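Everything on this sheet refers to the single structure shown next.
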Amino acid sequence: MNLPLRKEDYNMINQEDIKSQIIQAVETVRQTNPMAGSVTNTVTINFVANAQLAVGGSAAMVYLPDEGEFLANVGGATYINMGTLLPIYEETLPQIAKVSHDTGKPWVLDPVAIGIGSLRNQLLREFKQYKPSVIRGNASEIIALAGLWELDGGTDVSNARGVDSTDSVSDAKAAAIALAKWTGGAVAVSGKTDLITDGSVIAFSYGGSHFMEKITGAGCSLGGVVAVYATVASPFIAALTAAAVYNLAGSRAENKVDGPGSFQIQFLDELYKASAADIASNSLEIKEV
C-alpha cells in the first residue's frame, strides 16, 4: 500500500510518479474488487452502490450497529455519509468510526448537511477523535466541519446552509489543510475545480460537467468511490483517483447526452469504461502548501 505523501518528500515526487500511483490504484481495484461498505444517504444509496461497482469495487449498504461493525472489520474501507440520518445511526455511526480507527482500516466521511439538527452535529463532533482517512464535501461543509472541530479556517457551524455550498473551493483551502493535518489523511473539496490535500501538498483536478449539479448523488457517490480506492491506496491517492475518474467520466458523458436523465446513465458507463491511463492523464495540478 502506498504511504501518504509528505512535504519533505515532495521534491522527489513529480507528477508522473503520482500518475503511476493513480494507475496502480485503478488497476488494483479492477483486479481485486475490494469491498467498501457504506452507511449512506437514503436518497442516493442506489447511485452510490452503482458507482462503486462501475469503478470495480464491491458495495455493501448497512444500517444496524452489528452490521456496521462487521463490515468495518472485514471490508477494506467504510464510507459514512451524513445526508439522511436514522435514529439507529446514533449507535451505528460511532461504532463504525471507532472500529475503523482502532483497527487502522480506512474510513471516509461526507459531512452532508452539517449544521442541521443536534444529532448530526453531535455525531460529527464525536468523529473528530476517530480521525477519518478522507473527508469529502463541498466548500461550505468543509469550512463548517473545521469550525465544529475548532480548527483553522473554520466558521461557526450555525452559518452552514444545508447541502448546498455558498462558498468557493478556494475559500475552503485553509480549512481543508487544517482538517488534513489533524486527521493525518486527506481532504477533498468538490466544486467546479476539485481541491485535494494531505496537508502538505494540494492537488487540483479539472473536468466534470454542469450536469453533475442537476442530478442527486454526484457528491455522495464520489465519497463511495473514494472509499473503494482507499482500500488499495493512501488517502491522498484514493481521493485524487476518485476525483480524476469522476471529472473524466463527467466530461465524456456530457458530450454524449442532452440532459441530466441520460447523463446519469452515461456517466456510470463512462466510469466503467475509463482506462487507468486515461484517468491518470486527466487534467491535474500539484502544488506545495
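In my numbering, each residue's number is its place in the sequence shown (first place is 1) plus 100.
Here a beta-carbon is modelled for each residue, glycine too, at the ideal position from N, C-alpha and C.
Bear in mind the structure is a predicted one, so any value in this text is a computation, not a measurement.
message = Under 8 Å: do the stretch 326-342 and the stretch 360-370 share three or more Cβ pairs, one atom per stretch?
response = The answer is no - the stretch 360-370 does not touch the stretch 326-342, with fewer than three Cβ pairs under 8 Å.
ask   = To which residues of the same chain is Gly183 closer than 8 Å at the C-beta, ignoring the five residues directly before and after it?
value = Thr140, Asn141, Thr142, Val143, Thr144, Asp210, Val212, Ala213, Val263, Cys320
task = Kindly list the residues whose CB is nearer than 7 Å to the CB of Leu322, restricted to its own chain and excluding five residues on each side of it in sequence; keep chain order.
result = Arg236, Ser290, Ala342, Tyr346
task = Going by CA-CA distance only, name the one from Trp207, Glu388, Ser120 that's closest to Ala303.
result = Comparing Cα-Cα distances from Ala303 to each of Trp207, Glu388, Ser120, the minimum goes to Glu388.
query = Does DSSP put Ser375 in a helix, a strand or coil?
reply = coil
Helix, strand or coil at Lys292 [DSSP, three-state] = Under the three-state reduction of DSSP output, Lys292 falls in the coil class, being neither helix nor strand.
request  = Note the first and the last residue of the continuous beta strand (DSSP E) segment covering Trp207.
outcome  = Segment 207-210, the beta strand (DSSP E) holding Trp207.
ask   = Would Pro360 count as contacting chain D if we go by Cβ distances under 7 Å?
value = The chain inventory of the structure shown lacks chain D, comprising one protein chain alone.
query = Exposed or buried, Arg130, counting other C-beta atoms within 10 Å across all chains shown (16 or more means buried)?
reply = exposed
ask   = With distances taken from CA atoms, which of Asn238, Thr283, Ala286 is nearest Ala272?
value = Asn238
Distance between Tyr306 and Thr293 (C-alpha atoms, nearest Å) = 5 Å
key: Ordered list of alpha helix (DSSP H) runs contained in the stretch 146-189, each at least 4 residues   = 165-174
request  = Entirely within the stretch 221-308 and at least 3 residues each: give me those beta strand (DSSP E) ranges in chain order.
outcome  = 234-238, 286-290, 294-297, 301-305
key: Residue span of the alpha helix (DSSP H) that contains Ile118, given as start and end   = 115-132
Distance between Val357 and Ile337 (C-alpha atoms, nearest Å) = 30 Å
key: Euclidean distance between Cα positions of Thr192 and Glu167   = 8 Å
ask   = Can you round the beta-carbon distance between Val287 and Ala280 to whole angstroms, since I take them to be within the 8 Å contact cut?
value = 5 Å
query = So what's Lys314 in DSSP terms, helix, strand or just coil?
reply = Helix.
ask   = For Met112, which residues from the same chain have a beta carbon less than 7 Å from its beta carbon, with the 5 sequence-adjacent residues on both sides left out?
value = The pLDDT assigned to Met112 is 43, lower than 50, so where the model puts this residue is not dependable, and the model offers no usable value.
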